[in-house]
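Peer 1: Protein chains in written order, with UniProt numbering: chain A, 1 to 92; chain B, 1 to 92.
Right, I'll just put the structure down here and ask away after.
There are 2 protein chains.
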Amino acid sequence: MPTIVVDVMPKPEILDPQGKAIAGALPRLGFTGFASVRQGRRFELTVDGEVTEDVLAQARKAAEELLSNPVIEDVVNVAVLTESAQNESQSA
Amino acid sequence: MPTIVVDVMPKPEILDPQGKAIAGALPRLGFTGFASVRQGRRFELTVDGEVTEDVLAQARKAAEELLSNPVIEDVVNVAVLTESAQNESQSA
Chain A
1 MPTIVVDVMP KPEILDPQGK AIAGALPRLG FTGFASVRQG RRFELTVDGE VTEDVLAQAR
61 KAAEELLSNP VIEDVVNVAV LTESAQNESQ SA
Chain B
1 MPTIVVDVMP KPEILDPQGK AIAGALPRLG FTGFASVRQG RRFELTVDGE VTEDVLAQAR
61 KAAEELLSNP VIEDVVNVAV LTESAQNESQ SA
């Protein structure tokens, strides 16, 4: 069944203690190439049937109204998961 | 600065109560096109400098060792955030 991915990230002006903790842990574990880390959420919505414009519009509305908290989070991406990305995810 | 995105999702055989709760709430709020929902995590790693093969390899290793719990989660995507996606995220 087709899948719609919704990505939600904390707004840039919002503190992200989990991201900060990860950014602090990375160099201690030998990962030195990164300046900062932000942690957000990813939702995979399985679509019942075909992905029509109406379903995509529903997903965008649900992303804004149910999946994210607009006070502290931005919806950064609403997209149909492509076949190649699905294969990638299965092999990862 | 360039950004690497890491997406982590609960393994298919792992229960996902948050996803289940969202899937239950969607039809009550009028969103009827979706069969199921899974909730995972998205990390944005800001790269200090250029994205080389070495930095990408570091990101993949960090994704497996620090950002995900391999007992219950799969790393489904490690990718450089493209300019167009960044613009999209800023306009969203």
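Note that CB positions come from ideal geometry on N, CA and C, so glycine has one too.
These figures come from a predicted structure and were not determined experimentally.
Considering only C-alpha positions, which residue in the set A:R38, A:M9, A:K11 and A:L26 is nearest to Q18 (chain A)?
Peer 2: Within the first sequence, residue 18 (chain A) is the residue found at index 18, counting from 1. Out of A:R38, A:M9, A:K11 and A:L26, A:R38 has the C-alpha closest to the C-alpha of Q18 (chain A).
Peer 1: Which residue comes first and which comes last in the beta strand (DSSP E) that contains D54 (chain A)?
Peer 2: Taking the first residue of the first sequence as 1, we reach residue 54 (chain A) at position 54. DSSP places D54 (chain A) in no beta strand (DSSP E) but in the uninterrupted alpha helix (DSSP H) bounded by E53 to A62.
Peer 1: Could you tell me whether any Cβ in chain B is nearer than 8 angstroms to the Cβ of V47 (chain A)?
Peer 2: Residue 47 (chain A) sits at position 47 when you count from the first residue of the first sequence. Closer than 8 angstroms to some Cβ of chain B, the Cβ of V47 (chain A) qualifies, so yes.
Peer 1: Does the beta carbon of A21 (chain B) sit closer than 8 angstroms to a beta carbon anywhere in chain A?
Peer 2: Taking the first residue of the second sequence as position 1, residue 21 (chain B) is located at position 21. False, the Cβ-Cβ gap to chain A never drops below 8 angstroms.
Peer 1: V47 (chain B) by DSSP, collapsed to three states: which one?
Peer 2: Position 47 of the second sequence holds residue 47 (chain B). Looking at V47 (chain B) - three-state DSSP - the assignment turns out to be strand.
Peer 1: Run through chain A and tell me which residues come within less than 7 angstroms of V55 (chain B), C-beta to C-beta.
Peer 2: Within the second sequence, residue 55 (chain B) is the residue found at index 55, counting from 1. Under the 7 angstroms cutoff, chain A gives G33.
Peer 1: Among the candidates A:N69, A:M1, A:V78 and A:V80, whose CA atom is the shortest distance from the CA of P10 (chain A)?
Peer 2: Taking the first residue of the first sequence as 1, we reach residue 10 (chain A) at position 10. Of the listed residues, the one whose Cα sits closest to P10 (chain A) is A:N69.
Peer 1: When we look at the beta-carbon of A62 (chain B) and count the other beta-carbons within 10 Å, is it buried (16 or more) or exposed?
Peer 2: Numbered from its first residue, the second sequence carries residue 62 (chain B) at position 62. A62 (chain B) is buried by the Cβ-count criterion.
Peer 1: Would DSSP call E73 (chain A) helix, strand or coil?
Peer 2: The residue you call residue 73 (chain A) lines up with position 73 of the first sequence. E73 (chain A) falls in the strand class under three-state DSSP.
Peer 1: Can you tell me which of the three DSSP states I22 (chain A) falls into?
Peer 2: One-based indexing of the first sequence puts residue 22 (chain A) at position 22. Helix.
Peer 1: Rounding to the nearest angstrom, what Cα-Cα distance links A35 (chain B) and G49 (chain B) in this structure?
Peer 2: Here residue 35 (chain B) refers to the residue found at position 35 of the second sequence. Here residue 49 (chain B) refers to the residue found at position 49 of the second sequence. One C-alpha to the other measures close to 42 angstroms.
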